[in-house]
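Under numbering that gives the first Met the number 0, the sequence shown has 379 at position 380, and the numbering climbs by one with no breaks.
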Amino acid sequence: MPLPGPRRRDLLAALPALAAAAAPAPAALPMMFRQDVTLLAPDRLASLEAAIGEMQRRSLRDPDDPAGWRAHALVHARACGAAAGSAQVHGSRWFLPWHRAFLAVTERKLRAISGDPSLCLPYWNWSTDRRLPAAFVRPGSPLARATRHGPDRPLRATEVDHLVHDPDLARLGVAALAARAFQASGAHDVAASFGGLARPDPSSVRGRSRLEGIPHAAVHNHVGGVAADGTPGDMTVLATAALDPLFLAHHANLDRLWERWRSDPARRATEPHDPGFTAQVFLFPWLDGTPLAVTVAETLDADGQGSAYDRLHPFRGAPPPRDPPLDATPLTTRLLAVPALPARGGQRLALRIAGILPQDRPMSVEIALSAPDGDPGLATPVGAFACGRHPTPPGCPDTEIRLDVTAALRRLGTRTVAVSILPLSLGAAAPAPFGSDAMDILPV
Ligand code: C2O
């Protein structure tokens with residue numbers, strides 16, 4: 000069943016009138032493109048605020064109103080295994096298509112509620128804008144109505160996967176875009192895939208794609224944070240994340256990166272074509288509560304889902320300046336022997352951290368390399384790891400990460416390297432401890 004509401008083609012036909020009424024827009028962008036939230040014209044922002052505000056009011060009047068914000072957020076909660084017997088779209092290849100479908104349905108609900116057929120979700124370009132977008136923190140705005148305990152600091156480059164120590168990865172803007180295949184075949188290569196595991200086995204440990212781990216989970220943790228008494232913010236927990244309107248702008252940016260990744264025909268060709276994937280149906284309750292079906296095939300047809308963006312490049316303009324060194328005491332430091340460095344252009348070396356222990360709180364950490372006797376202030380950040388509070392054991396959906404450290408080791412030039420795990424603050428709460436079974440450097 001196609002999604003309700005006018006298709007893009009019909010809307011484009013109505014454009015001249017809309018464009019004439021709009022404030023002078025940068026270039027002649029069609030109105031049906033999702034835009035960077037910092038570039039939204041005031042009337043576009045007002046329309047979004049009015050629609051979300053109206054859904055929030057409906058939930059206040061009646062928490063069970065199917066057209067309310069709470070009911071809508073519950074759709075996401077039911078897709079993350081929070082309710083008994085519910086599906087789990089995270090930690091698997093359903094992650095990207097399910098969230099794309101959710102954004103499309105949300106957008107169409109907001110259009111129907113507002114009566115504004117050109118309403119589009121904006122995206123938060125956290126590669127460029129490392130602070131929460133002004134539109135989503137303005138006091139009194141429906142877009143700011145959420146429980147947030149996150150830290151008052153910009154996101155670190157490692158949290159948004161901008162790995163500046165390695166020119167090849169840095170050039171991509173988001174290192175996850177380096178993934179060559181959509182699908183992982185198993186836990187051993189899931190962190191190298193863009194789209195995740197083909198068949199998550201609920202009885203075994205799940206695994207997240209690189210993108211789902213970092214930047215996705217790190218940005219969730221950063222926005223939601225954890226209060227001093229241990230209370231997590233909405234975005235820190237999958238079951239409440241969609242209550243925060245910023246969830247939509249965060250996921251629109253991830254969806255934009257998926258379009259960026261698949262704009263390379265060779266990468267796009269690795270998206271699965273088996274009916275087990277493409278014919279999968281996701282159900283979403285429409286405003287009157289009746290179910291609406293979206294297939295994965297529809298989400299792969301970007302035109303049909305309106306997943307068009309004003310730009311696909313991760314950065315808007317030049318990348319932000321380098322981060323200052325992280326001012327934090329390492330949670331743990333390990334000395335590792337460095338294998339012989341491969342020739343340039345040859346095989347790469349990865350730092351593997353395996354058996355990461357689940358904790359009772361969300362955690363975000365930065366991983367940095369330095370010479371064994373070197374100044375920790377000069378350490379090279381090589382990546383991050385983030386894990387939310389999950390409703391079911393084992394707590395962390397990942398137990399293993401792999402980070403390409405070839406460039407960092409080459410720069411260090413030592414036979415031994417010190418690996419430090421540094422806490423990234425998530426607000427007033429003390430950082431979670433960090434433990435893992437194994438850490439080593441191996442060829443990939
Ligand atoms: Cu369904 Cu960002 O999570």
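By construction, the Cβ of each residue, glycine as well, lies at the ideal position given by its N, Cα and C atoms.
Item to complete: Mind checking which residues open and close the beta strand (DSSP E) that includes residue 403?
Response: Note, residue 403: beta strand (DSSP E), 399-403.
Fill in: Own chain partners of residue 241 with C-beta closer than 6 Å, once the 5 adjacent residues on each side are dropped
Result list for residue 241: 72, 75, in chain order.
Worksheet item: Around the Cβ of residue 218, are there at least 16 other Cβ atoms within 10 angstroms (buried) or fewer (exposed)?
Response: Residue 218 comes out buried.
Item to complete: Using a threshold of 8 Å, state whether the C-beta atoms of residue 234 and residue 228 are closer than that.
Response: No, these two residues do not count as a Cβ contact at 8 Å.
Worksheet item: When DSSP labels each residue in this structure, what does residue 423 get in the three-state scheme?
Response: Here residue 423 sits in coil by DSSP.
Discussion item. In this structure, how does DSSP classify residue 102 when only helix, strand and coil are distinguished?
Written reply: In the three-state reduction of the DSSP assignment, residue 102 falls in the helix class.
Worksheet entry | Any non-hydrogen atom of the ligand C2O within 7 Å of residue 237 CB | At least one heavy atom of the ligand C2O is nearer than 7 Å to the Cβ of residue 237, so yes.
Discussion item. Need the endpoints of the beta strand (DSSP E) that residue 368 sits in, please.
Written reply: Boundaries of the beta strand (DSSP E) around residue 368: 362-369.
Worksheet item: What's the gap between the Cα of residue 196 and the Cα of residue 274?
Response: One C-alpha to the other measures close to 16 Å.
Worksheet item: Can you tell which of 426, 211, 332, 92 has its C-alpha closest to the C-alpha of residue 299?
Response: When each option's Cα is compared against that of residue 299, the closest is 92.
Worksheet item: Since residue 208 and residue 185 are thought to touch, with beta carbons under 8 Å apart, how far apart are those beta carbons, to the nearest angstrom?
Response: A Cβ-Cβ separation of about 13 Å leaves residue 208 out of contact with residue 185 under the 8 Å criterion.
Worksheet item: Would you say residue 361 reaches chain D, if we count a Cβ-Cβ gap shorter than 8 Å as a contact?
Response: Going by chain labels, chain D is absent from the structure shown, which holds only one protein chain.
Fill in: DSSP three-state assignment for residue 204, whether helix, strand or coil
Reliability of the predicted coordinates at residue 204 is poor, the pLDDT of 48 falling under 50, and the value obtained from them is presented with this limitation in mind. Three-state DSSP puts residue 204 in coil, outside helix and strand.
Item to complete: Sort 111, 104, 239, 63 by Cα distance to residue 46 and report the nearest one.
Response: For the residues 111, 104, 239, 63, the minimum Cα distance to residue 46 belongs to 111.
Worksheet item: Taking 7 Å as the cut-off, is the CB of residue 79 close to at least one heavy atom of the ligand C2O?
Response: Checking every heavy atom of the ligand C2O against the Cβ of residue 79, one is found closer than 7 Å.
Discussion item. Nearest by alpha-carbon distance to residue 429: which of 435, 349, 359, 370 is it?
Written reply: For residue 429, the closest C-alpha among the options 435, 349, 359, 370 is that of 359.
Item to complete: May I ask whether a heavy atom of the ligand C2O can be found less than 7 Å away from the beta carbon of residue 215?
Response: Yes.
Discussion item. Comparing C-alpha positions only, which one of 422, 173, 192 sits nearest to residue 182?
Written reply: The candidate whose alpha carbon is nearest that of residue 182 is 192.
Worksheet item: Would you report the Cα separation of residue 351 and residue 407, rounded to the nearest angstrom?
Response: Going by C-alpha positions, residue 351 is about 14 Å away from residue 407.
Worksheet item: Roughly how many angstroms lie between the CA atoms of residue 338 and residue 368, to the nearest whole one?
Response: When only Cα atoms are considered, residue 338 and residue 368 end up about 15 Å apart.
Discussion item. At a cut-off of 7 Å, would you count residue 240 as near the ligand C2O, judging by its Cβ distance to the nearest heavy atom?
Written reply: For the ligand C2O, at least one heavy atom lies less than 7 Å from the Cβ of residue 240.
Worksheet item: With 16 as the cutoff for other CB atoms within 10 Å, does residue 422 come out buried or exposed?
Response: Looking at its Cβ environment, which holds 16 or more other Cβ atoms inside 10 Å, residue 422 is buried.
Worksheet item: Does DSSP put residue 350 in a helix, in a strand, or in coil?
Response: Shown here, residue 350 sits in a strand according to DSSP, grouped into three states.
Worksheet item: Of the residues 409, 379, 258, 318, which one's Cα is nearest the Cα of residue 172?
Response: The residue with the shortest Cα to Cα distance from residue 172 is 318.
Worksheet item: Are the beta-carbon atoms of residue 415 and residue 336 separated by less than 8 Å?
Response: Yes; because the gap between Cβ atoms is below 8 Å, this pair is in contact.
Practice prompt. Confirm, please, whether the CB-CB distance from residue 37 to residue 165 is below 8 Å.
Written response: No, they are not a contact pair.
Item to complete: Could you tell me the distance, in whole angstroms, from the CA atom of residue 113 to the CA atom of residue 411?
Response: Going from the Cα of residue 113 to the Cα of residue 411 covers about 57 Å.
Worksheet item: On the premise that residue 382 lies in contact with residue 120, defined as a C-beta separation below 8 Å, what is that separation, rounded to the nearest angstrom?
Response: Going by Cβ atoms, the distance from residue 120 to residue 382 rounds to 29 Å, so no, they are not a contact pair.
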